[in-house]
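Visitor: Have a look at the structure that comes next, please.
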Amino acid sequence: MAKAAVDKSYLTRPDCKDLDHIPGTDGLPYFGSSLSTIWGLEEVLEKHYQKWGEVSRLKMLHQRGVLVLGVDNYQRIFLDREQNFSTEMGFAESIGQFYKGGILMKDFADHKFLRRMMQTAFKNAAMRNYVGMMMPVMDRHIQKWDQIDNFQFFPHIKETLLEVGAEVFIGAKAGEDTKKMNQAFLDINDGLLGQLRKEIPGTKYNKGKKGERYLREYFSGEIDKRREGDGADMLSFMCREKTEDGEFFDKELIIPQASFLLFAAHDTTTSVLNHMIYYTAKHPEWQDAMRAEVEALGKDELDYDDLDKLEIMERVFNECLRLRPSVSFLTRRTIRECEIGGHQIPADTMIFMSPIHNHRDPKFWTNPNAFDPDRFLPERAEQKNHSFAWHPFGGGAHKCIGMHFAMMLSKAFMFQLLKTYKYSLPADFKTRFEWVPLPKPTKLPVKWERL
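To convert, note that position 141 of the sequence shown is 1306 in my numbering; the numbers rise steadily by one, no gaps.
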C-alpha cells in the first residue's frame, strides 16, 4: 500500500522547546553544550549516557532538543517507517542556511525525486571516469610535499581535494574560475560557523552568503552548456538527466545539488584522510601492509577495477570512520509526537544524534577504543553485530549517495601517496582531536621519506 502524502505544515512551524519533562541539561547560558562538543564530543555523549541513558535533553546554542543514542533508536529514526523525522527541519538552522534545497535537506518523496536526478553520476560507468580524472591532480600535489618546510597535512589535503572536486564534480580545470569557486566554498564553510546570522559587512555569515550567490550564478550559467555537451563530470551528468516524463530536471533543482555535493564530498574525505594518515603513521605496520598491497598490483596508475583489491586499505578506511566518523553530529526534527526510549517527544522537537556512541559500544565492539582494522575481516565482521553498530554514512533513505565515491577517492589518494612516500610523525608528537566543525587532528606535521 502506498504511503499517504505527508502534511508539509511542519516546514513552517517553529522548534518545540518545551522539554522540561525530559531529564538532561541546558549547559552554559546561550552556548549550551556546543563549546564542549568541539574538543570533547565523546565525553559529552558518555556523560549523558551514564547519567540519563539513551535519551536526554541537550541544548546546542539556541536549539534545545533531545540527544538520542543507541543502535535500536537509530535504526528506528534512520529507517523512519512512520515518516516522522524530518532531515530538512533538522538541518534548517545549520547547513540549511547555505545549502537549502540540497538533497540532504529534502524529505520523503522530494528526497527520492532528487536521488533519481543524481543516480547516473554515481553509477559504475561514471565512477570509472572519475578515477582517471582525479589521479593526475593528486599526483601533481603529492609530488611537491617533501619540498615544503614545516608541512602540516590538513591545509594541503584540503587544497588538493578542492581541486579534485572542481575537476570531478564540476569539470573545471585549475584556473581563475576554480580559485573563485574554491574561495566561495571556503567562505560558505566559514559562514556556517558565524554566530551572527545577518548579512552585515565584515561578518563570516555575510561572506558565506556572497559565496553562496556566486556559486548559484556560476552553476546557473553552466547548465544549458552542459546539457549540450558530453562532459563526464558530475554536474554534466546531472544536467543531462531527465525525469520519467523525458524532461530535463529544473535548473532550480540542479543548482543546490551541485553546491552541496562539493561541500559534502570534500569535507568528509578531508576528515577521513587526516585520520588515515594519523593512525597509519602512529601504527606503521598498517602503513607497510597497505603499501605492500599497492605494490602487489604492479601498476603505476590505479584502475577502477583495482579498487576492490585494496582490502587492507578498505579496512583501515572503515576503522578510521568507526573511531572518528567524518560526520560527527546528525540532526532530525520530529513531525508528530512520538515515544523514544520511554519518553514522550513532542512534535517539532530537535533530535541530536552522533555515531560515536554506537561505534564504540562494547556490546558490539572488541576493545572499542583501540585502532584495529582487522575487526572488519570477514571472519570477525564486528560491524555486523547490529545493522546500526556502524553507520558512518547514515542509513535508510538518506544513506549517503556518495559513500562509494568517498571510498574510491580515499583509495586513489592513498594509492598515489604510498607509492611515493613513507611517512611518519615526530617522535614527541601530540595532538588534540576536534569534532566540530570538521573532525580532524588539529595538527599533523607529517615527515615524508621519498621512495
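The C-beta atom is built at its ideal place from N, Cα and C for all residues, glycine as well.
Nothing here was measured: the structure is a model prediction, and the numbers come from that model.
1) Flag this pair as yes or no: are the beta carbons of L1427 and F1350 separated by less than 8 Å?
2) Give the list of continuous alpha helix (DSSP H) stretches no shorter than 4 residues that lie fully inside the stretch 1394-1446.
3) Taking only the alpha-carbon atoms, compute the straight-line gap between Q1376 and E1364 and give it to the nearest angstrom.
4) On the CB-based measure, 16 or more other CB atoms within 10 Å of its CB, does G1235 come out buried or exposed?
5) Can you name the start and end residues of the beta strand (DSSP E) that R1615 belongs to?
6) Identify, in the order they occur along the chain, each residue of the same chain with its Cβ nearer than 7 Å to the Cβ of N1371, setting aside the five sequence neighbours on each side.
7) From the DSSP output, in three-state form, read off T1496 for me.
8) Less than 8 Å separating the beta-carbons of V1481 and M1518?
9) According to the Cβ coordinates, are F1529 and E1547 closer than 8 Å?
10) Tell me whether T1434 is buried or exposed, calling it buried when 16 or more other Cβ atoms sit within 10 Å of its Cβ.
11) Indicate whether the contact test is met: 3 or more Cβ pairs, each with one atom in the stretch 1471-1490 and one in the stretch 1188-1208, closer than 8 Å.
12) Nearest-angstrom Cα distance between T1496 and F1287?
13) Go through its chain and collect everything with a Cβ distance to Q1240's Cβ below 6 Å, but skip five positions before and after it.
14) Based on the DSSP output, what are the partners of M1515 in its beta bridges?
15) So, helix, strand or coil for G1189, using DSSP?
16) What is the C-beta distance between F1580 and M1568, in whole angstroms, given that I count them as a contact (C-beta under 8 Å)?
17) Following the continuous beta strand (DSSP E) through C1503, name the residue where it begins and the one where it ends.
18) Between I1500 and the rest of its own chain, which residues show a CB-CB distance below 6 Å, the 5 nearest in sequence each way excluded?
19) Would you kindly check if the distance between the Cβ of F1273 and the Cβ of V1171 is under 8 Å?
20) Tell me the DSSP secondary structure of Q1452 in three-state form.
21) Buried or exposed, going by whether 16 or more other CB atoms sit within 10 Å of the CB of A1423?
22) Just to confirm the assignment: which complete beta strand (DSSP E) runs, minimum length 3, are found wholly within the stretch 1189-1215?
23) Have a look at E1479 and M1572 and give me their C-alpha separation to the nearest angstrom.
24) In the DSSP assignment, find the unbroken beta strand (DSSP E) run with K1587 in it and report its ends.
25) Should E1409 be labelled buried (16 or more other beta-carbon atoms within 10 Å of its own) or exposed?
26) Would you mind stating whether P1490 and I1521 have Cβ atoms separated by less than 8 Å?
27) Expressed to the nearest angstrom, what Euclidean distance is found between the alpha-carbon atoms of D1180 and V1329?
28) In three-state terms, what does DSSP make of V1220?
29) By Cβ distance, which residues of its chain are closer than 6 Å to A1167, with the 5 residues on each side in sequence left out?
30) Rounded to whole angstroms, what's the CA-CA distance from Y1379 to N1532? Just pull it up for me.
31) Out of E1253, A1290, K1338 and M1225, state which residue places its alpha-carbon closest to the alpha-carbon of D1513.
32) What number of angstroms, rounded off, separates the C-alpha of L1358 from the C-alpha of L1327?
33) Using a C-beta cutoff of 8 Å, does I1505 count as contacting chain C?
34) Tell me which same chain residues have a C-beta within less than 6 Å of the C-beta of D1149, skipping the five on either side of it?
35) Helix, strand or coil for I1521? Go by DSSP, reduced to three states.
Guide: With the structure as the only source:
1) yes
2) 1399-1405
3) Looking at the sequence shown, residue 1376 is not Gln but Gly. Each residue's alpha carbon lies about 12 Å from the other.
4) buried
5) K1612 to R1615
6) E1364 and I1365
7) strand
8) no
9) yes
10) buried
11) no
12) 25 Å
13) F1553
14) G1230 and R1498
15) strand
16) Going by Cβ atoms, the distance from F1580 to M1568 rounds to 19 Å, so no, they are not a contact pair.
17) C1503 to I1505
18) Y1175, N1249 and S1251
19) yes
20) helix
21) buried
22) none
23) 8 Å
24) Y1586 to S1589
25) exposed
26) yes
27) 38 Å
28) strand
29) Below a pLDDT of 50, predicted positions are generally treated as unreliable, and A1167, at 44, falls in that range; no measurement from the model is reported.
30) 48 Å
31) E1253
32) 19 Å
33) Of the protein chains in the structure, only one exists, and it is not chain C.
34) No statement about residue 1149 is possible, as the shown extent of the chain runs from 1166 to 1616 and does not include it.
35) helix
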